[in-house]
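Numbering (the UniProt record's numbering), first residue to last: 1 to 476.
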C-alpha cells in the first residue's frame with residue numbers, strides 16, 4: 001500500500017469527488033490506520049482491528065465513488081456488492097462468503113498484472129522473435145512414416161503422453177515454429193528484413209496465424225463450485241491436456257495474446273496466490289451497498305426473518321473469520337468493510353446490535369446543491385463536460401460549454417431532483433444526454449467544426465420538458 005497521509009489521500013479524492021469532506025476525511029483516516037498498524041509490534045498488530053465505516057446518504061451523492069476511488073489511490077483490492085443479492089444460508093441465492101472470494105479474485109488479477117508487467121520487456125522480445133518466424137515460416141520438413149509400423153508400436157506411441165496429445169491434436173510443442181521446418185539463407189535474410197519492419201511498427205496490421213490455448217468455459221456447475229471455494233475448472237485442467245486452437249489476428253493483437261500466454265508460463269502461480277491472499281487480508285476493501293435494505297425498519301413483515309438472517313451471516317465475516325477460497329484460506333480480521341445506504345425507510349439502529357457495533361464510524365453525506373452540480377460538471381478530471389468534449393472530438397467537432405450553459409444545466413438538474421425523486425449527480429447525465437442528443441446523432445455527418453453550447457441552446461432542448469412536470473418524470 002502507498003503510504004499517503006490522510007491529507008494526501010483527501011487531495012487525491014478531491015480530483016474526482018466534489019464536496020462530502022467529512023466522508024473523505026473518515027475513509028482517509030481509516031485507510032491510513034492500516035499503515036499505522038503495520039508499524040506497531042507484531043503482537044499488537046493482531047489486536048488492532050479496522051474501524052469499519054457506514055456511509056449514510058441518498059443515491060447519487062458519491063458514496064460508491066469515494067470507496068472506489070479510495071481503492072484505486074492506494075492500489076487495494078476492492079469489490080462492491082449489494083446486500084440485497086445475498087440470502088440466508090439454506091435459501092436460493094449468493095452466500096455472503098462469495099464477497100470474500102470475489103475480493104481474492106481481484107487481488108490475484110492485480111498480483112498477476114504486476115508480475116506480468118515486470119517480465120513484459122523480456123517476454124515481448126521473445127514473442128517478437130516468434131512473430132518474425134510466423135510471418136516468414138521455414139520450409140516444412142518432409143515427414144516419412146514407416147509403412148511397416150505394426151500395431152504394437154502404434155499402441156506404445158499412443159500410450160505415451162505426447163503420443164496421446166498428438167492423437168488428440170493437443171500437443172503443446174509449438175513454441176518454436178522452426179521445430180519441424182528447415183531455414184535457408186534466403187529465409188534468414190527475409191526474417192532480418194521483417195524484424196526491422198516489426199521493430200519500426202510497420203507490420204502491426206498484417207495478419208498472422210497463431211496457435212493458442214482454448215479458453216475455459218465457465219458453466220453453472222463451475223460457478224456453484226466457485227462459491228464453495230472449489231476450483232472445478234482448475235481440477236479438470238490438471239487432468240486433461242490443454243487443447244490448442246488456431247486463430248488469425250493482426251500482429252498487434254497476436255502479440256498481446258502471445259505475451260499473455262507466455263507470461264502465464266513464466267510466473268510462479270503459487271507465489272502469486274500467496275501474495276494475493278496477503279494483499280486481501282491486509283489491504284482488501286469490501287463495499288456493501290444497499291445496507292439499509294437488510295434492516296427491519298418500522299414495517300414488520302414476513303421478509304424480516306430473512307433480512308435478519310443475512311445480517312447474522314454477514315456478522316462473522318465482518319467480525320473476522322476464515323473463508324476457504326480456491327487459492328487458499330483467507331482471514332477477514334483486517335479487511336476494511338464500508339457499508340452504504342440511504343436509510344430513508346429504516347435507520348442504522350434497526351440493524352442487529354452486534355452488526356451495528358462492527359461499524360463504529362458513521363458518516364452522513366449531504367444532498368448535492370446547485371453549486372455542487374456546477375463544480376461536478378467542470379472541476380474533476382473526469383467531469384461530464386470534459387467527457388462529452390472528448391467524445392465529440394472523435395467526429396472532428398470542437399465542443400465547448402459557456403459558463404452560463406453550465407449554470408443552466410446545473411439549475412435544471414437541481415430543480416428536477418427537487419420536483420421528482422432525488423437521484424443526485426446521476427441527474428446530470430440524463431440532462432446532458434437530452435441536450436446533446438442531436439449533436440451526438442448528427443455529429444459524424446455534420447463535419448461542423450466548432451459548436452458552442454449556450455444557455456439559450458440548453459433551454460431550447462429541455463425547457464419545454466422541464467416545464468411539463470408530467471413529461472419530465474418520464475424523460476428527464
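Each residue gets a CB set at the ideal place from its N, CA and C atoms; glycine is no exception.
Closest to residue i by C-alpha separation, out of the options, would be which residue?
i           : options               : result
residue 74  : 85, 102, 33 and 99    : 33
residue 310 : 65, 128, 95 and 14    : 95
residue 86  : 392, 294, 204 and 461 : 294
residue 254 : 449, 128 and 392      : 128
residue 84  : 132, 290 and 139      : 290
residue 392 : 365, 452, 346 and 402 : 452
residue 317 : 446, 394 and 354      : 354
residue 478 : 191, 105, 9 and 54    : This structure does not reach residue 478, given that the chain is present from 1 up to 476, and the question cannot be answered.
residue 361 : 27, 395, 191 and 279  : 27
residue 212 : 419, 257, 45 and 67   : 257
residue 456 : 404, 423, 63 and 433  : 404
residue 9   : 48, 69 and 51         : 69
residue 15  : 130, 72 and 329       : 72
residue 371 : 408, 365 and 382      : 408
residue 369 : 278, 415 and 384      : 415
residue 201 : 259, 132 and 183      : 132
residue 209 : 292, 250, 109 and 268 : 250
residue 246 : 269, 267 and 207      : 207
residue 307 : 346, 395 and 35       : 346
residue 130 : 198, 328, 65 and 64   : 198
residue 183 : 110, 138 and 344      : 138
residue 54  : 312, 359, 366 and 435 : 359
residue 267 : 417, 398 and 123      : 123
residue 463 : 5, 399 and 432        : 432
Which residues mark the beginning and the end of the alpha helix (DSSP H) in which residue i is found?
i           : result
residue 116 : 98 to 135
residue 9   : 6 to 14
residue 357 : 353 to 357
residue 243 : Neither: residue 243 is in no alpha helix (DSSP H) and is coded neither H nor E.
residue 422 : No alpha helix (DSSP H) contains residue 422, which DSSP labels as neither H nor E.
residue 71  : 63 to 74
residue 391 : 384 to 393
residue 372 : 370 to 378
Going by DSSP, what residues sit across from residue i in a beta bridge?
i           : result
residue 398 : 450
residue 344 : None; residue 344 has no bridge partner.
residue 336 : 285
residue 249 : 208
residue 182 : 139
residue 82  : 289
residue 94  : 86
residue 318 : None, per the DSSP bridge assignment.
Would you say the beta carbon of residue i comes nearer than 7 angstroms to a heavy atom of the ligand MN?
i          : result
residue 60 : The ligand MN is not among the ligands present in this structure, which contains no ligands whatsoever.
Could you pull the start and end residues of the beta strand (DSSP E) that residue i belongs to?
i           : result
residue 364 : 361 to 364
residue 53  : 53 to 56
residue 325 : 322 to 325
residue 463 : Where residue 463 is concerned, there is no enclosing beta strand (DSSP E), although the alpha helix (DSSP H) it sits in stretches over 455 to 467.
residue 330 : 328 to 331
Examine the Cβ distances between the region 271 to 286 and the region 325 to 336 and report whether three or more of them are shorter than 8 angstroms. With the cut-off at 8 angstroms, the region 271 to 286 and the region 325 to 336 touch.
With a floor of 4 residues, list each alpha helix (DSSP H) that falls wholly inside the region 255 to 293, ordered by position along the chain. If we require 4 residues or more, the alpha helix (DSSP H) runs fully inside the region 255 to 293 come out as 269 to 283.
Ignoring anything shorter than 3 residues, give me the beta strand (DSSP E) runs that lie fully in the region 189 to 213, in order along the chain. 207 to 213
Could you check whether the region 95 to 104 touches the region 51 to 58, counting it as contact only if at least three pairs of C-beta atoms, one from each stretch, sit closer than 8 angstroms? no
If you pair each beta-carbon of the region 437 to 455 with each one of the region 68 to 87, do three or more pairs fall below 8 angstroms? no
Cβ contact check for the region 343 to 350 and the region 33 to 43: 3 or more pairs under 8 angstroms: no
Is it true that the region 384 to 393 meets the region 18 to 29, where meeting means three or more beta-carbon pairs spaced less than 8 angstroms apart? no
4 or more residues per run - each alpha helix (DSSP H) lying fully within the region 15 to 49: As far as the region 15 to 49 is concerned, its whole alpha helix (DSSP H) runs of at least 4 residues are 21 to 39 and 42 to 45.
Specify whether the region 319 to 327 and the region 370 to 383 touch according to this definition: at least 3 beta carbon pairs, one from each stretch, less than 8 angstroms apart. Cβ pair count under 8 angstroms is below three, so no.
Does the contact criterion of 3 or more C-beta pairs under 8 angstroms hold for the region 105 to 120 versus the region 250 to 264? yes
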